Each structure stands twice: as structure tokens, then as C-alpha cells.
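Some notes on the structure that comes next.
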Amino acid sequence: MKVKHNIARIEFMMSLYKMTVDELLLHINMGLKKLITADDLFGEEIEINHLKRIDKIFNKGLHYYLDEKPPVKTEDASIFFRKENFISDLNLESLKIVNRFEELKLSLEAISNLADIKRDRLLPIFSTNDNPILALK
Numbered sequence: 101m102k103v104k105h106n107i108a109r110i111e112f113m114m115s116l117y118k119m120t121v122d123e124l125l126l127h128i129n130m131g132l133k134k135l136i137t138a139d140d141l142f143g144e145e146i147e148i149n150h151l152k153r154i155d156k157i158f159n160k161g162l163h164y165y166l167d168e169k170p171p172v173k174t175e176d177a178s179i180f181f182r183k184e185n186f187i188s189d190l191n192l193e194s195l196k197i198v199n200r201f202e203e204l205k206l207s208l209e210a211i212s213n214l215a216d217i218k219r220d221r222l223l224p225i226f227s228t229n230d231n232p233i234l235a236l237k
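Note that our numbering has the sequence shown beginning at 101, numbered continuously upward.
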């Protein structure tokens, strides 16, 4: 079964994870005998099974790829857009964990705004230059 999908959303997720089309195809084709091509993914319509394989990588839900609205690429959207390189090379699973926590943070902020909860910081902010013994007093 083929469905219409929003190619811009797949491209957005690829740019978020700094993934090329070849890397995406490598992950999608893992364990398949009949390989999926870029034309299969970026055509007018896509097989629902191909879309499910894409979702196994990005974990956004099928509705995300079917939504017609274009994704908004802002620096606030993710740390991956704000920062070019990290201290270490992050693999796909590490990127997924960071993305999951960013989405959780955004959800909690939205819920707290809707519930009029004030989230003032009660604990002071310390640095590595502070004396830990004096900080406890």
C-alpha cells in the first residue's frame, strides 16, 4: 500500500541527525534481500512498510511523515542545529537519546505553561571554581 508523504520531514530528520541519503539507505536496508532505493523513499508516494522502516530510525510516529505542514528548522529546535561539533563523535543511538530528551523537555515546558506552573530555580548555580565545602553552608 502506497501513501503520500512529506519528503521535507524526512529530509529535516536527516539534517537533524546529520545523515546522508546513503547512510539512511544503509540503516533501512539492513537485513533486507530486496534493497530499497532513494527513488522509493523520495518519490511522490511511498510504501507504508518503507515509512515504518524510516520511523524505526527516527522514532517520530507515522503521522509525523504524513503531515503536510513543512517542518520548522530553527536553532531552538535542537542542539544539533545550534552546535556544529561535540566533544566526541555521537553515534545514531546517542543522537536519538539526545533528541528524545529534548522532546521531553519541550513537552514538559508546554504542560507547565498550560498549567501556569512557575519553574523558578531553587538551587543556586555552582561552577568548578567554587569551594564545595563553602557551598554546603
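By construction, the Cβ of each residue, glycine as well, lies at the ideal position given by its N, Cα and C atoms.
Please read these numbers as outputs of a predicted model, since none were measured by experiment.
Cα-Cα separation, N231 to R221
21 Å
C-alpha distance - N149 paired with L208, whole-angstrom precision
32 Å
Whole angstroms is fine: what's the gap from F226's alpha carbon to I233's?
12 Å
What would DSSP say about I146, mapped onto helix, strand or coil?
strand
Through-space distance from K133 to L214, alpha-carbon basis:
49 Å
If I follow the unbroken alpha helix (DSSP H) through V103, where does it start and stop?
Where V103 is concerned, there is no enclosing alpha helix (DSSP H), although the beta strand (DSSP E) it sits in stretches over K102 to K104.
Cβ neighbour criterion (16 or more within 10 Å) applied to L126:
exposed
Apply the 10 Å Cβ neighbour rule to I211 and answer buried if 16 or more other Cβ atoms are within range, or exposed otherwise.
exposed
What residue range is occupied by the uninterrupted alpha helix (DSSP H) comprising S212?
L192 to L214
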